[in-house]
Structure formats: structure tokens, C-alpha cells
Amino acid sequence: MKAAVLHATQGDFSLEDIRISGPMAHEVLIEVRASGLCHSDQHVATVDTGHPLPAVLGHEVAGVVIATGTNVGDLQHGDHVVTAPIHHCGRCTTCRRGRPFQCRDRAFTARSAESAPRLSADGQPVEAFLGIGGFAERVVVHEHLVVKVPQEVEFDRACLLGCGVVTGAGAAINTAQIRPGDTVAVIGCGGVGLNVIQGALLAGAQRVIALDTQETKLELAQTFGATDVVNSSITDPVAAVRELTGGVTHAFEVVGLKPTTQQAVAMLEMGGTVYLIGVHRPGATIEVTPFGDLMGQQKGLRGVAMGSANPQIDIPRYAELYLQGRFMLDELVSRHISLGSINEAYAEMASAGVARNVITDFSK
């Protein structure tokens, strides 16, 4: 099959023919119809995180099941599905408590060392990023990473449900558990940040302030319901937020930088919490004052993984809300691209107001 393969950090993706194995026990083979370009993939491609290379990145996948291995549960040929990279065993204490995003045995979904690799080229293994490897014509994944969706949801919209949507909206609804009357700041208005905004509004937030350095992204934030926007490149973001609210209940950092994280802490009201969604560089640190910020102001700082989502519950819920006209997916799709134009598309994401570019043409 064709796949976009990354051989070196800060290198380009190259379109190559590689081999994909058939599904083993508890695995499904999916024909990919749409694959979203997430910033997490770009982070791995540009920052040395220690991830094995060569690799096929990509994890926001929507497609059709074309084969199943043995012992697969309720997935079958012809199902429309999305992938969600929440690796979980389903049997540990946290999984049984409904927190698969905190599974204690995430290796459960991986193949054993003795098994053939899912992807290979010239007889050598090729890593499938997050157990998916979605920048390709097909993926073979563990059934725990696959969720059925209604056929009425177009593939280019559906693929966003498995990461950008559950991460953003889930951070607001599941992690922060926003309540009516709460005030919210969202720093970074890409695909995930836009979903934080609409998730916060669904949960009843009274005021949602969007912050970014690009006017095009702030315009998108208003489309998604932000009550206020702040261009951080021309306005002091902390002063602006505090002038609007006196301090917010919840601040979501969706950029992954030390300065914006510390700004988020400074934006909080007493007792407020910062939620870290943006991916920081390995070894990065931030500075807070335990006596002043954490004890004196009783502020909280919390990391968020995949929107604290239970994918089998949350993804169908967002899909149904979309079909009811109560959740925005169409507006998240900025452009359809081909698999071979992935390098140009990522360059565009770095410089333009793009929510999500989505691969829908895998023939070139």
C-alpha cells in the first residue's frame, strides 16, 4: 500500500509502497477514507521525542472495516469507523472505573515481540504511530482503538472525532467538568482549541475567551461561539482576560509553550485550574510559586490526556450531536488534500489559520 513515511526528525514525509500485515486476534483492517493532519504528528516529525523511525504517522482516521481477525467483538466488514488512540486493556482498575485514558496496561493493544510487525518495508519494521499509522491507504489496529460511527457522518468529518474533538471538547466537559456560569480562557485556537470552545459552551460556560496570535484563527473561534477574542501578539493576554473577567475559572493551554502556560496560570481567579493540552518539548519545565499560586491562590495545574475520554461513549455522543445540528464538524475541515501533498499541507498549518487539513485522496 501507499504510505507517507518519515525517516528522520525534521525530514520530509516520502510517499512509498510498504507492506501491511493482515489482522491478528482482536485486530481489524480498515480502508482509510480520511485522515486528519494533527499537530501531534507534526510535533513528532519536527522534535526529537525518541519515537522510533522510520514511521508512518497519523492517527485521526475514518474508514471502512474490510477484514477482522479472530475474537473481534462487535466490529464487522462494512462498518464505518474512526480510530481513537486511547490504548487500554479494559480490565485493569482504572479501565473498570471508566477511565481508559489512565489505563495501567497500555501495551495490551500492541503486538508481541514475537509477532510480525504491522507495517514493514524491505523486510524491516516500520513503526505505526500511536498504534495506528493513519497516513496510509490502510491501517491494521487493535479493536480497542476503533469506534463505530453513523454512516450519515461523512468520513472527512468523522476522522476528527477520534482525536481533535474528544481531546478538546472532552477537556472541557470531562476533565474540567465546566458548570453553568463558569468563565473560560482558551489559549490556541487550532483544531483542538476550537473544540475546547464548543465543549465549554455545551457544558454551560458563561464566557469563553479565545486567545491566539492569528486573526484568522480568532475569526474561527468566534464562529465556534467564543464570546470574546484576544490577539496575544498585540495585546497583553493576561491583562485582557483579567479586565474582562477578573480571572477565569478554567484556562486551557493548547499551544505547548512555557510562556503561554505561565500566562494561563496568571489568568486564573482564586481556586481556578489550568489544563495542559498542548504538547511540550521533552524536558520542558514551567515555573509556578507553590506558596503564592498553589497555596495562597489555591490554583490548580492539571495535565490532560485525550480529553479524559471514554471513546466508546464519547465519540458516538459527539457524532449524534453533530447530526442533530448541535455540534460543529463541517467548519473544522479547512481543506482536502492528497497523501502526496502532506509536506506542503503541514507547512501551511504552521503559517496560516488552519483548523484541520484532511487527506481524502490516497491515490497520489
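The letter at position 92 of the sequence shown is residue 96 when you use the working numbering, and the numbering goes up by one with no holes.
In this text, a Cβ means the ideal position worked out from N, Cα and C, and glycines have one as well.
Note that the structure is a prediction, hence the values are computed from the model and not measured.
Check: Assuming Phe-159 contacts Leu-198 under a Cβ cut-off of 8 Å, what Cβ separation, rounded to an integer in Å, is found between them?
Finding: Separation of the CB atoms of Phe-159 and Leu-198 is rounded to 20 Å, and the pair is thereby denied contact status at 8 Å.
Next item on the list: From the DSSP output, in three-state form, read off Asp-109 for me.
Entry: Asp-109 carries a coil assignment under DSSP once its states are collapsed to helix, strand and coil.
Checklist line | Assigned secondary structure, Gly-307 (DSSP; H/G/I helix, E/B strand, else coil) | finding: Gly-307: strand per DSSP, three-state reduction.
Checklist line | Alpha-carbon to alpha-carbon, Gly-127 and Val-233 | finding: Looking at the two C-alpha atoms, the distance is approximately 52 Å.
Next item on the list: Return the CA-CA distance between Leu-10 and Pro-58, expressed in angstroms with no decimal places.
Entry: A straight-line Cα-Cα distance of about 5 Å links Leu-10 and Pro-58.
Item checked: Arg-306 vs Leu-272 beta-carbon contact at 9 Å -> Against a cut-off of 9 Å, the Cβ pair of Leu-272 and Arg-306 comes out as no contact.
Notebook entry, point to check: Quick one, are the C-beta atoms of Leu-165 and Ala-114 less than 9 Å apart?
Noted result: No, they are not a contact pair.
Next item on the list: Tell me whether the beta-carbon of Val-85 lies closer than 9 Å to the beta-carbon of Ala-66.
Entry: A contact, by the Cβ cut-off of 9 Å.
Notebook entry, point to check: Gly-276 and Ala-255: beta carbons closer than 9 Å?
Noted result: The answer is yes: Cβ separation under 9 Å.
Check: According to the Cβ coordinates, are Ile-182 and Ala-209 closer than 9 Å?
Finding: Their beta carbons are under 9 Å apart, which means Ile-182 touches Ala-209 by this criterion.
Check: Any chance the region 36–55 sits against the region 72–79, with 3 or more Cβ pairs inside 8 Å?
Finding: Result no; under three Cβ-Cβ pairs closer than 8 Å.
Notebook entry, point to check: When the Cα atoms are used, what is the spatial distance from Ser-25 to Gly-137?
Noted result: Taking the CA atoms as reference points, Ser-25 sits about 13 Å from Gly-137.
Item checked: Best match in Asp-83, Phe-366, His-284 for proximity to Ala-309 [C-alpha to C-alpha] -> Considering only alpha carbons, the answer is His-284.
Notebook entry, point to check: So, is Ser-39 buried or exposed, given that buried needs 16 or more other C-beta atoms within 10 angstroms?
Noted result: Around the C-beta of Ser-39, 16 or more other C-beta atoms lie within 10 Å, and the residue is accordingly described as buried.
Next item on the list: Under 8 Å by Cβ, that's how I've got Ala-189 and Ile-213 pegged, so tell me the actual separation to the nearest angstrom.
Entry: Yes, they are in contact, since the Cβ atoms of Ala-189 and Ile-213 sit about 5 Å apart, within 8 Å.
Next item on the list: On the DSSP bridge assignment, give the partners of Gly-40 in chain order.
Entry: Glu-64, Val-362.
Check: Which of the three DSSP states, helix, strand or coil, is assigned to Lys-262?
Finding: The three-state secondary structure of Lys-262, taken from DSSP, is helix.
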